[in-house]
Amino acid sequence: MNTESSVISKRKSVGIILVLFILLVIVTRVFYTPLLKSPLSGQPDDGSLSITASQMFLLNNQTSNYWLKPISFTGDGFENGVPVMTTIPPEDRYRFEILVSARRAYYAYVNYEIIDRSGSNAGSLQATMYTNGPFNVKFQDVTITGPFTQNSSYTTLNVRPA
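In this text, residue positions in the sequence shown follow my numbering: the first is 78, and each later residue adds one.
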């Protein structure tokens, strides 16, 4: 008889734990409020259920005596808003993260002044980083002035002496 009452007692304990767990799930579902009000990308939530990712773009300064000094960054494509404007020294590069979505195109525009060691203007660079889905990502509309040349391959733009 003693064994029978301990089995009933164990069943009651398991039943009570199960009921408490179900109540806990219900309460957390009712009163849960997400901490993030907007998506991590820094873009406003338009209510769509699309997946948005980012694509890395590289701007390489392959000169030995010139700096790329940013003038302006504009457009809706920067992953976390407009990035900090950082001068790119000779033989260095800067990395941009541009949004990618299967549902829309993103554009990010950069405008640089090319300066020599004394700070004098030697040329300029304007470029557009473009994404439209995961397979259509590229630098486009690249314009460079001064004694420089450029070449790009999808998401890499190289600035070189002419």
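Think of the CB as a built atom: it goes at the ideal place given N, C-alpha and C, for glycine as much as any other residue.
- Taking the Cα positions, Q217 is about 30 Å away from S195.
- If you check the CB distance, Y184 and L202 do not come in under 9 Å.
- Straight through space, the alpha carbons of V91 and I175 are spaced by roughly 52 Å.
- Contact check for N142 and A182: beta-carbon distance about 37 Å, past the 8 Å limit, so the pair fails to qualify.
- Per DSSP, reduced to three states, the secondary structure at R88 is helical.
- In the same chain as T163, and ignoring 5 residues on each side of it, the C-beta atoms closer than 8 Å to its own belong to P147 and Y171, in chain order.
- Close CB contacts of P211 within its chain, under the 6 Å cut and outside five residues either way in sequence, are with V177 (chain order).
- Excluding the 5 residues flanking it on each side, V219 has same chain C-beta neighbours closer than 8 Å at L202, Q203, A204, T205, Q227, S229 and L234, in chain order.
- DSSP, read as helix, strand or coil, puts F212 in coil.
- Leaving aside the five residues that flank L100 on each side, none in its chain has a CB nearer than 7 Å to its CB.
- Counting of Cβ neighbours within 10 angstroms places E156 among the buried residues, the total reaching 16 or more.
- Considering only I93, A130 and L145, the residue with the shortest C-alpha distance to T222 is L145.
- About 44 Å separates the beta carbons of V107 and F150, which is beyond the 8 Å limit, so they are not a contact pair.
- Around Y231, the same chain offers V214 and K215 as residues with beta carbons nearer than 7 Å, after the five sequence neighbours per side are excluded.
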